[in-house]
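Asks:
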Amino acid sequence: MSYLSTVDFTEDRAFVDRFQRTMRGDLELSWMDAPRERVACRPQNERRGLTFRDLDVGSYGFTDMPELIRENRSFAPRGAAMPEGLPDLQAEVNRKSEVWAYNIEGYYEEAMTRQWNATTDIPWGELQSVDLPEDIGKAYAQLLTFLTEVEMIATDVPAKWMGRLNADFFEVKNFIATQAMDEARHAEIFRKRALSTGWGLMRASAQNEFNLKFLRDADSFAEASLALHLQAEGMVLTLFRFSEYISPTEG
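Residue numbers (the working numbering): 79 to 329.
(1) Name, in chain order, the residues that DSSP records as bridge partners for V171.
(2) Which of helix, strand or coil does DSSP assign to L146?
(3) Ordered along the chain, which non-local residues of its own chain (more than five positions away) have a Cβ less than 8 angstroms from that of N172?
(4) R151 to R102, Cα distance in whole Å?
(5) Does V250 pass the burial test, meaning 16 or more other C-beta atoms within 10 Å, or should it be called exposed?
(6) Would D166 be called buried (16 or more neighbouring beta carbons within 10 Å of its own) or exposed?
(7) Terminal residues of the continuous alpha helix (DSSP H) containing N252?
(8) Are there three or more Cβ pairs, one per stretch, closer than 8 angstroms when the stretch 193-202 is compared with the stretch 262-269?
(9) How long is the line joining the alpha carbons of D142 and S321, rounded to whole angstroms?
(10) Helix, strand or coil for S321? Go by DSSP, reduced to three states.
(11) Using only CA atoms, which one of Q206, S283, G241 lies nearest to Q220?
(12) With distances taken between CB atoms, is the gap from T327 to L279 smaller than 7 angstroms?
(13) To the nearest angstrom, how far is the alpha carbon of M230 from that of K238?
(14) Can you list, in chain order, the residues of its chain with a C-beta nearer than 8 angstroms to that of A305? Leave out the 5 residues immediately preceding and following it.
(15) Within the continuous alpha helix (DSSP H) that includes I200, where are the two ends?
(16) Identify whether L306 lies in helix, strand or coil by the three-state DSSP scheme.
(17) Looking only at its chain, what residues have a beta carbon closer than 8 angstroms to the beta carbon of E227, apart from the 5 residues adjacent to it on each side?
(18) Identify the continuous alpha helix (DSSP H) that holds V94 and give its terminal residues.
(19) Does the Cβ of P236 have 16 or more other Cβ atoms within 10 Å, making it buried, or fewer, making it exposed?
(20) Look at G136 and E115 and say whether their C-beta atoms are less than 7 angstroms apart.
(21) Between T129 and E187, which are expected to be in contact by the criterion C-beta below 8 angstroms, what is the C-beta distance as a whole number of angstroms?
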């Protein structure tokens with residue numbers, strides 16, 4: 079760690095003294111006396127469990143968050159005490175209106191409960207029951223190659239912005255994490271399907287990748303979200319439905 083750090087802590091006398099006191103068992107426990115808002119959140123619906131919406135209370139909640147986050151520039155979770163000396167995260171997105179959406183906390187809970195497994199939930203054994211003509215098989219493999227490219231950038235774009243959002247946008251960042259995982263699963267399934275066709279992956283597309291690069295290089299979260307979710311995903315969803323309708327098997 080000393081080799082990787084940009085600061086030589088051994089030159090900080092206060093740090094060395096504090097470390098030596100800690101090693102002797104002289105612990106600094108002032109954090110126990112920090113005045114905090116005490117809460118005991120309970121699930122509003124026992125069957126549903128404890129959700130983010132149930133935690134929307136006081137300083138820990140999201141309803142009363144200001145439009146512009148000015149106080150928290152660190153990794154501190156919303157509602158935690160923030161002593162002096164916390165590092166500056168240098169978050170690029172600090173306005174709630176840029177990232178928040180109605181029911182975003184509910185979208186996260188839904189994403190966590192509606193998961194599927196590309197390894198076991200696809201009837202891989204049935205795929206060999208239908209022999210496609212060579213031209214159709216190659217065309218399908220090319221489509222799968224295209225979709226794998228698309229889904230990888232659809233994974234990269236939301237993941238890229240997670241670290242650029244203010245830490246107070248806790249629910250948004252968690253939802254983006256589920257989105258990145260969902261897109262990664264799409265990339266997984268298309269790669270597996272391409273390599274099970276008998277043809278493998280076909281040719282990458284320069285035109286397609288320049289369009290995808292535009293998504294990754296977006297200057298703002300709003301620009302990236304608009305281009306990804308409305309423009310790109312709208313077209314891809316059409317391809318999904320088209321492929322579903324013409325497919326001779328469920329896989």
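Ideal Cβ placement from N, Cα and C applies to all residues, glycine included.
Replies: By the coordinates alone:
(1) What you label residue 171 is simply residue 93 of the sequence shown in a count that begins at 1. Beta-bridge pairing links V171 to L243.
(2) If you number the sequence shown from 1, residue 146 lands on position 68. Correct three-state label for L146: strand.
(3) Along the sequence shown, read from residue 1 onward, the residue named residue 172 stands at position 94. The answer, listed in chain order, is L146, I147, R148, N244.
(4) The residue given as residue 151 occupies position 73 in the sequence shown. The residue given as residue 102 occupies position 24 in the sequence shown. If you take the alpha carbons of R151 and R102, they lie about 34 angstroms apart.
(5) Position 172 of the sequence shown holds residue 250. The residue in question, V250, is buried, as its Cβ has 16 or more Cβ neighbours within 10 Å.
(6) Here the question's residue 166 lines up with position 88 in the sequence shown. The Cβ neighbour count for D166, taken over all protein chains shown within 10 Å, is under 16; the residue is labelled exposed.
(7) Mapped onto the sequence shown, residue 252 falls at position 174. Where N252 is concerned, the enclosing alpha helix (DSSP H) stretches over 248-272.
(8) yes
(9) Locating residue 142 in the sequence shown gives position 64, counting from the first residue. Locating residue 321 in the sequence shown gives position 243, counting from the first residue. Distance between the alpha carbons of D142 and S321 is about 45 angstroms.
(10) Residue numbering aside, residue 321 sits at position 243 when the sequence shown is read from its first letter. The three-state reading of DSSP puts S321 in helix, counting H, G and I together.
(11) Translated into positions along the sequence shown, residue 220 becomes position 142. Closest option to Q220, Cα to Cα, is S283.
(12) In the sequence shown, residue 327 corresponds to position 249, counting from 1. In the sequence shown, residue 279 corresponds to position 201, counting from 1. Cβ atoms of T327 and L279: not closer than 7 angstroms.
(13) Locating residue 230 in the sequence shown gives position 152, counting from the first residue. Locating residue 238 in the sequence shown gives position 160, counting from the first residue. Near 12 angstroms, if we compare the C-alpha coordinates of K238 and M230.
(14) Against the sequence shown, residue 305 aligns to sequence position 227. Correct list, in chain order: F292, L293, A296.
(15) Against the sequence shown, residue 200 aligns to sequence position 122. If you look at I200, you'll find it isn't in any alpha helix (DSSP H); DSSP assigns it neither H nor E.
(16) Translated into positions along the sequence shown, residue 306 becomes position 228. If DSSP states are grouped into helix, strand and coil, L306 belongs with the helices.
(17) Counted from its first residue, the sequence shown places residue 227 at position 149. Same-chain partners within the cutoff: A282, S283, N286, E287, L290.
(18) One-based indexing of the sequence shown puts residue 94 at position 16. Run containing V94: 91-101, per the alpha helix (DSSP H) assignment.
(19) Taking the first residue of the sequence shown as position 1, residue 236 is located at position 158. In summary, P236 is buried, with 16 or more beta-carbon neighbours lying within 10 Å of its beta-carbon over all protein chains present.
(20) Along the sequence shown, read from residue 1 onward, the residue named residue 136 stands at position 58. Along the sequence shown, read from residue 1 onward, the residue named residue 115 stands at position 37. Taking 7 angstroms as the Cβ cut-off, G136 and E115 qualify as a contacting pair.
(21) For the purposes of this step, residue 129 is taken as residue 51 along the sequence shown, with counting starting at 1. For the purposes of this step, residue 187 is taken as residue 109 along the sequence shown, with counting starting at 1. T129 to E187, Cβ: 5 angstroms. Contact.
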